[in-house]
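Structure record follows, encoded as structure tokens.
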Amino acid sequence: MRPVAVLVVIFTVQDDRLQVLLVRRSAPPYQGWWSLPGGLLSPGEGPDEAAVRKLAEETGVAEVYLEQLYTFWDLDDREGVAVAYFALVDARQAHLARRREWPPAWMAVSELPPLAFKNERVVEYGLRRLRAKLEYSNVAYSLLPPQFTLSQLQRVYEAILGRRLDKRNFRRRMLSLGLIVPTGVRAAEGRHRPAQLYAFKERRPVLF
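Numbered according to this note's numbering, the sequence shown spans residues 394 to 601.
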């Protein structure tokens with residue numbers, strides 16, 4: 394029976410850039426290489442449980458968007474099977490595991506180094522899924538604080554899509570979908586007048 398491992402593509406948006414969490418491998422093969430968080434299933438553990446465990450170990454969070462992505466059969470020459478997941482984390486809420494010789498690090502998706510076990514394929518697959526999800530769901534809620542401005546929301550979308558969006562059209566679409574509501578609170582953004590803060594109606598996955 395092939396050994397089964399999980400991999401978790403943990404996305405966040407920082408400095409208006411889409412980033413992914415990577416860890417350095419401390420043992421062969423690929424010792425010293427960057428890779429996605431993951432590992433073999435523990436005895437009696439299922440893939441879903443293992444993904445939640447790895448997410449919590451690396452980021453200190455659990456109540457975030459997490460979805461099974463794909464099962465890869467050809468990432469490891471040792472004939473292992475990797476069940477991949479992707480998660481969306483607000484980096485401001487994450488507490489990365491630092492008590493290691495090589496702690497995990499956020500890296501821009503557009504500037505990834507070569508990754509162990511062809512993990513860049515998993516990141517690319519996760520990015521395609523995330524971009525598709527933006528078109529028919531509210532998954533961006535997991536990358537934002539409970540209250541946010543429309544400018545913040547637009548920057549998250551732009552970071553994921555990798556392109557600029559028309560401000561007026563974006564705001565019209567977001568408001569027409571009925572996924573977000575004004576909170577009645579305003580907050581200053583730089584030198585501009587205080588902006589209206591919004592919140593997602595549901596901080597759980599909703600399709601539209």
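Where is the CB? At the ideal position from N, CA and C, for every residue including glycine.
Boundaries of the beta strand (DSSP E) in which residue i is found, first to last residue
i, result
"residue 586", "585 to 593"
"residue 579", "573 to 582"
Selection from the options that minimises the alpha carbon distance to residue i
i, options, result
"residue 562", "426, 547, 584, 399", "547"
"residue 483", "455, 469, 492", "455"
"residue 477", "485, 430, 437", "430"
"residue 540", "588, 558, 479", "588"
"residue 600", "474, 551, 439, 534", "534"
"residue 452", "498, 425, 576, 521", "498"
"residue 417", "460, 404, 491, 407", "491"
"residue 508", "396, 572, 468, 463", "468"
"residue 421", "510, 434, 596", "510"
"residue 409", "591, 571, 553, 593", "553"
"residue 495", "404, 585, 414, 403", "414"
"residue 529", "570, 487, 479, 412", "570"
"residue 504", "550, 555, 462", "555"
"residue 376", "396, 575, 402", "Residue coverage of the chain in this structure runs from 394 to 601, which leaves residue 376 outside it and unanswerable."
"residue 522", "479, 559, 544", "479"
"residue 549", "406, 398, 400, 397", "406"
DSSP state of residue i mapped onto helix, strand, coil
i, result
"residue 601", "coil"
"residue 561", "helix"
"residue 461", "strand"
"residue 536", "helix"
"residue 482", "coil"
"residue 566", "helix"
"residue 414", "strand"
"residue 455", "coil"
"residue 400", "strand"
Unbroken alpha helix (DSSP H) run spanning residue i, endpoints
i, result
"residue 552", "543 to 554"
For the stretch 417 to 452, which segments carrying the alpha helix (DSSP H) assignment without a break, of at least 4 residues, lie completely within its bounds, in sequence order? 440 to 452
Contact between the stretch 570 to 583 and the stretch 505 to 521 is defined here as three or more beta-carbon pairs at a separation below 8 Å; is this criterion met? no
In chain order, what are the residue ranges of uninterrupted beta strand (DSSP E) at least 3 long that sit wholly in the stretch 487 to 532? 498 to 501
Do the stretch 412 to 431 and the stretch 442 to 451 meet, that is, are 3 or more Cβ pairs less than 8 Å apart? yes
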